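Asker: Sharing a structure below in structure tokens format, with a few things to ask.
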Amino acid sequence: MTDSAQPILEIKNLSKRFGAVQASDHVSLSVLPGRLHALIGPNGAGKSTLIGQISGFLTPDEGQIILKDRNVTHLSAERRVHMGLGRSFQVSNLLLEWSARRNVMLAVQARQGGSFRFFKNVWKDQALRSAAEAALQMVGLQDRADIRALELSHGERRQLEFACALALEPSLLVLDEPMAGLGPEGTAAMTAFLEDLKHTIPILLVEHDMDAVFRLADDISVLVYGKIIANGSPEDIRQSASVQEAYLGSSSDAA
Amino acid sequence: MSRESRVSLVVLVGLPVAAFIAHISGETYIINLLTRMTVLGLAGIGLNFALGYGGMVSFGHAAFFGLGAYVTGIAAFHAFDDSLFATVPFELASTNQMLQIWLIALLLAGLLALLIGFISLRTSGVYFIMITLAFAQMLYYFAISWPTYGGEDGLSIYLRNEFPGVQTDKAFSFFLLCFAILLLVLLLCWRFVNARFGAALQGARMNALRLSSIGIAPFPVKLTAFVISAMIVALAGALFAELNGFVSPTSLSWHMSGELIIFVILGGVGRLVGPLIGAIVFVLLETYLGGLTDRWQFFLGLILLATVLFANGGIMGLIGGRTRHD
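Protein chains in written order, with this note's numbering: chain A, 1 to 255; chain B, 1001 to 1326.
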């Protein structure tokens, strides 16, 4: 662990309760620069609730979220994006009627600001177009720029979401199950992509695919019933008895 | 040039040409009919800005249409007997100048839309529809219970108000004035829709969560579009009152809101010139089919049903083809 480095994202004692369900129970974790931090846990462990709070769509009952030394606990989701928090969604979240390029162009526009400009034609804005091309190139989608998001394959939509997220030039990426539904080839490609990406942008990864997690992660936190039950390097987690019992039991037998 | 642009061009050239032919053959009735199409089309274009591009299905835009009409009627009412237009919050002399009347109508409609939008845009779907409807109905009942300005009987405008350099009491001149405003509004809407604002607005319609997740808050974008839309519709309401020489409380009722939605759906949701086509077809049906049978709205219903079922994108979608997104 590089304890000296300032964390990009730090979560302190986050709690959130829905009625009788304690979805987050004093959760603390941090994501360090240049590292990929994986968050794993069985279904219903509260991973989505945690992501919701980090990205600003849910308000925690107590605790703090610190993004780049600033307390963002009560800032809107949009403000957090402007402060460098990028994210991808479990279910594709795109402007389906628009071409891939237009989707990315809107993200570039969002980063630059000026969504209250009323006169200049946005679709002929060369600076916007070339920034979008660059982001599409990064995910390998440059040849599909003119295709409507609706007509892209599931895997391509994932790539497009990444292009949008990267166009925002984030200082942290929160990825919610990026491998879901990709198939073995897609998962391999995505793993290779993230392996490269994590050196430039620190990542908080929520993922069910354990092969990918153990290949990519520098740090792992295990969430069960809203509580972090273990936290450490992939090796520590693999050997932790409580994790074996609570979560990995069946899958480590199979492996 | 796309097929949609060509269709738009034909309509926008055809309307003044028809009016000119009617003018030289002395058919004032026809000119007024064409003016009616233009003004109702303008209102439809205003609603389409919120409904088509922003996905805000407002069932209360009659509030703005009627507001524009009443400002015109009330101004004319006071200008006729030379009394004050307003005493609160300050004394305002009445005027028979359209430009001044429109300024007041636009300001009031903008403020009202800010209030209605601020409350109703926190909801969506059927709740949004019901809240906008409720606001418009409040205004409607307010108007019919205000005897000073005619109550249920409405308000007559004895002399058409004035516009510098235009003989507004001549049918063809007034048509040209309305048509020029229509062109100006179309030009503005076209610029808005294709600018950064329009991109954000259409993004908000398609997927508000996407917009949030790239850092644009949807609420202020939609509220701004709602206000712009209301102001256009109010301007159309003001012209409608001038055209008819009469302001009726029905211009505030939910029937009017419904008619505006019909123009948009018939012509093509999210098509710039679509609502004008919708209004033209509506007025043609109302006039000629309505002359044959009182039950013309039955046939309007059939046409609307066919449009919704078979012509995705309305009449403009049918003849103008799919929208292009390069």
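In this text, a Cβ means the ideal position worked out from N, Cα and C, and glycines have one as well. On a predicted model such as this, the values are computed, not experimentally measured, just so you know.
#1: Would you call A/E195 buried or exposed, if buried means 16 or more other Cβ atoms sit within 10 Å of its Cβ?
#2: So if I threshold CB-CB distances at 7 Å, which residues from the region 112–130 of chain A count as touching chain B?
#3: Pairs of beta-carbons, one from the region 1015–1024 of chain B and one from the region 1227–1245 of chain B, closer than 8 Å: are there three or more?
#4: With a threshold of 7 Å on Cβ separation, who are the neighbours of A/A23 within its own chain once the five nearest residues in sequence on each side are excluded?
#5: Once you ignore the five residues that flank A/S251 on each side, which residues in its own chain have a CB closer than 8 Å to its CB?
#6: Which residues of the region 69–89 of chain A have a Cβ closer than 7 Å to any Cβ of chain B? Give them in chain order.
#7: Cα separation between B/L1107 and B/Q1097?
#8: Just the Cα atoms here: how many angstroms apart are B/L1067 and B/F1118?
#9: Just verifying my parser: in three-state terms, what is the DSSP assignment at A/S15?
#10: Can you tell me which of B/L1292, B/G1258, B/A1075 puts its alpha carbon nearest to the alpha carbon of B/A1279?
#11: Within 9 Å (strictly less), CB to CB, does A/L106 reach chain B?
#12: Would you check if there are 3 or more beta carbon pairs closer than 8 Å linking the region 1261–1274 of chain B to the region 1039–1052 of chain B?
#13: Quick one: using the 10 Å Cβ neighbour count with 16 as the cut-off for buried, is A/E235 buried or exposed?
#14: Identify, in the order they occur along the chain, each residue of the same chain with its Cβ nearer than 7 Å to the Cβ of B/G1044, setting aside the five sequence neighbours on each side.
#15: By how many angstroms is the C-alpha of A/G114 removed from the C-alpha of A/V104?
#16: For B/I1144 versus B/T1132, is the C-beta spacing smaller than 9 Å?
#17: Suppose the cutoff is 7 Å on Cβ atoms and the five residues either side in sequence are ignored; what does the same chain contact list for B/T1374 look like?
#18: Distance, Cα to Cα, A/G34 vs A/S233?
#19: Under 8 Å by Cβ, that's how I've got A/S171 and A/K68 pegged, so tell me the actual separation to the nearest angstrom.
#20: Below 7 Å CB to CB, which residues in the same chain sit around A/D61 once its five sequence neighbours on both sides are set aside?
#21: Rounded to whole angstroms, what's the CA-CA distance from A/T2 to A/D219? Just pull it up for me.
#22: Does the beta carbon of A/F57 sit closer than 9 Å to a beta carbon anywhere in chain B?
#23: Report the CB separation of B/M1135 from B/A1063 in whole angstroms; it is logged as a contact under 8 Å.
#24: Given 8 Å as the limit, is there contact between the region 1031–1046 of chain B and the region 1239–1253 of chain B, that is, 3 or more CB pairs closer than that?
#25: Apart from the five residues just before and just after B/I1319, which ones in its own chain have a Cβ nearer than 6 Å to its Cβ?
#26: Is A/A246 buried or exposed, if buried means 16 or more other CB atoms sit within 10 Å of its CB?
#27: B/F1197 touches chain A at which residues, Cβ-Cβ below 8 Å?
#28: Would the region 1205–1212 of chain B and the region 129–138 of chain A be scored as touching if the rule is three or more Cβ pairs under 8 Å?
#29: In whole angstroms, what separates the C-alpha of A/R102 from that of B/A1093?
#30: In terms of residues, what are the limits of the beta strand (DSSP E) holding A/N231?
#31: With which residues is A/R70 paired in a DSSP beta bridge?
#32: Using the DSSP secondary-structure output, state which residues sit across from A/R148 in a beta bridge.
#33: To which residues of the same chain is A/V139 closer than 6 Å at the C-beta, ignoring the five residues directly before and after it?
#34: Measure the Cβ-Cβ separation of A/S92 and A/L175 and say whether it is below 9 Å.
#35: Do we get a CB-CB distance below 9 Å when we pair B/A1200 with the residues of chain A?
Answerer: Reading off the structure:
#1: exposed
#2: G114, S115, F116, R117, F118, F119, K120, N121, V122, W123
#3: no
#4: Closer than 7 Å at the Cβ level, and outside the excluded window around A/A23, lie K16, R17, G46, T49, G226.
#5: Note that A/S251 scores a pLDDT of 48, beneath 50, so its modelled location is shaky; the value from the coordinates is reported in the next line. Closer than 8 Å at the Cβ level, and outside the excluded window around A/S251, lie M210.
#6: S76, A77, E78, V81, H82, R87
#7: 16 Å
#8: 18 Å
#9: strand
#10: Sorting B/L1292, B/G1258, B/A1075 by C-alpha distance to the C-alpha of B/A1279 places B/G1258 at the top.
#11: yes
#12: yes
#13: exposed
#14: L1260, F1263, V1264, G1267, P1275, L1276, G1278, A1279
#15: 16 Å
#16: no
#17: The structure shown does not extend to residue 1374 of chain B, since chain B is modelled only from 1001 through 1326, so no value can be given for it.
#18: Taking the Cα positions, A/G34 is about 15 Å away from A/S233.
#19: Rounded to the nearest angstrom, the Cβ distance from A/S171 to A/K68 is 6 Å, consistent with a contact under 8 Å.
#20: S15, K16, R17
#21: The predicted position of A/T2 is uncertain, since its pLDDT is 46 and thus under 50; no value can be drawn from it.
#22: yes
#23: Looking at the sequence itself, residue 1135 of chain B is Phe, so the reference to Met does not match. Contact holds; Cβ gap of about 6 Å.
#24: yes
#25: Here the set comprises V1007.
#26: It is buried - the Cβ of A/A246 has at least 16 other Cβ atoms within 10 Å.
#27: S115, F116, R117, F118
#28: Verdict: no, contact absent.
#29: Cα to Cα, the separation comes out at about 51 Å.
#30: 227–232
#31: A/L67
#32: A/S99
#33: Q159, F162, A163
#34: Their beta carbons are not under 9 Å apart, which means A/S92 does not touch A/L175 by this criterion.
#35: yes
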